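Below is one structure; the comments refer to it alone.
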Amino acid sequence: MMAKPLDPYRAKRDFTVSAEPKGKRCRPSAKARFVVQKHDARRLHYDLRLEHDGVLKSWAVTRGPSLVAGDKRLSVQTEDHPIEYLAWEGAIPKGQYGGGTMIVWDQGTWTPVGDVAEAMAKGHLEFVLDGARLGGRWHLIRMKGRGGEKKQTWLLIKAEDAFARAPGQPDILIEHLTSVISGRTNADMAEGRVIRADHAARAEIAKDRPRRPTQAKVKGARKAVLPPFVEPGLATLADAAPSGPNWLFEIKHDGYRLQARIDGGRVKLLTRSGLDWTSKFAPVATALKALNVDFR
Ligand code: MN
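Take the sequence shown: its letters are residues 17 to 312, numbered as in our numbering.
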């Protein structure tokens, strides 16, 4: 029987244990898509996958892509992945093939320069990425075989263009640590933090709306002069905690409790007895100053 393109992919995985898609071979989409997954497996790497001929041609880029033109990034060609893998992220159980966390670090469309099959055979694929984080022209160049090596090693190189960065400019891999689809980091994924279904919508709103509380929306609020100090409620020692639906409890972490007084951009941090401790917590005061609050 003729081998199918996804046979090696399926042979490596136990789909009763891993949530990865089993995959089917698909018709090509109108515009070929690509994904870069940040894969925190035995060793952190980035997987570049280019949609071609109903599957995803895949490379494990060991140090991740570099936007610096001419930077060579070792890329080990891996088995073709199914199209469903374009949007897959999750945790692959320890002990399984590729065990670790995987996030969709970038996705978009790609355009090959010339014929893909020919370029793959020749060992030099030139292409343009149009993603959320990666763009411009790239080269994948196969290294001369070192004899008997099962896996083919390529170099991923950014070409010189408007998307290229100069050496010393910020590293795109440090600039962006999260998933482009869920906003999670690999660490979030490892801790099993759930994606909020409304994550994308919330991120969109947060982006173009300066958040500022409106006095009108605070029930019972009345305009008044900001008092120089608001005496805080202090804890009372009791034998037992009260119960009932009118009570909420929170863990009391040890540390300093301070009151932040923000008056027309002037920040003061006051202790419970009203002492000014602003200078002791200067970074906190600076962060509070950056908050967009103003009730004048
Ligand atoms: Mn991988």
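Note that the Cβ used here is the ideal one computed from N, Cα and C, for glycine as well. These figures come from a predicted structure and were not determined experimentally.
Under the three-state reduction of DSSP, V84 is assigned to strand. With 16 or more neighbouring CB atoms inside 10 Å of its own CB, H61 falls in the buried class.
Judged by the Cβ position, D63 qualifies as a neighbour of ligand 1 at the 6 angstroms threshold, a heavy atom of the ligand being closer than this.
The beta-carbon separation of L102 and R49, rounded to 6 angstroms, stays under the 8 angstroms limit for a contact. The continuous stretches of beta strand (DSSP E) do not include K160, and DSSP gives it neither H nor E.
For the 7 angstroms CB-CB criterion, M205 and T117 form a contact.
In this structure, A76 has its CB closer than 6 angstroms to one or more heavy atoms of ligand 1. A residue is called buried once 16 or more other Cβ atoms fall within 10 Å of its Cβ, and W263, having fewer, is exposed. Ranked by Cα distance from A240, the options V129, G260, D279, T78 are led by D279.
Between T201 and V92, the CB-CB gap reaches or exceeds 7 angstroms. Here I267 is exposed, its C-beta having fewer than 16 other C-beta atoms within 10 Å.
In the three-state reduction of the DSSP assignment, R58 falls in the coil class, being assigned neither a helical nor a strand state. Assignment of S295 by DSSP, reduced to helix, strand and coil, places it in the helix class. Relative to the Cα of T94, the nearest Cα in the group K166, K47, E142, A35 belongs to K166. Within a 10 Å sphere around the beta-carbon of R282 sit fewer than 16 other beta-carbons, which makes this residue exposed.
Between the C-alpha atoms of A306 and S289 there is a straight-line separation of about 26 angstroms.
L172: member of the beta strand (DSSP E) spanning 169-174, first to last residue. Ranked by Cα distance from A276, the options P261, E247, G111 are led by E247. Proximity of the stretch 73-85 to the stretch 181-192 meets the contact definition, three or more beta-carbon pairs being nearer than 8 angstroms. When the Cα atoms are used, R79 and A301 turn out to be separated by approximately 38 angstroms. Contact annotation: D122 and L150 have beta-carbon atoms nearer than 7 angstroms. Under DSSP, P128 takes part in a beta bridge, and its partners are F143. Residue environment analysis places A35 among the exposed positions, since fewer than 16 neighbouring C-beta atoms fall within 10 angstroms of its C-beta. Beta-bridge annotation (DSSP): K38 is not paired with any residue.
Its chain contains P98 as the residues whose beta carbon lies nearer than 7 angstroms to that of K40, once the 5 sequence neighbours on both sides are disregarded; these appear in chain order. In the same chain as G208, and ignoring 5 residues on each side of it, the C-beta atoms closer than 8 angstroms to its own belong to A107, in chain order. Each residue's CA atom was taken as its position, placing E142 and A135 some 8 angstroms apart. With respect to the C-alpha of A57, the residue from K47, V77, C42, H68 having the closest C-alpha is V77. The shortest CA-to-CA distance from L242 to any of E67, K284, P258 is the one to K284. Short of 8 angstroms from the beta carbon of D146, and not among the five residues preceding or following it, lie these beta carbons of its own chain, in chain order: G124, T125, W126, T127. Secondary structure at I267: coil, using DSSP grouped into helix, strand and coil.
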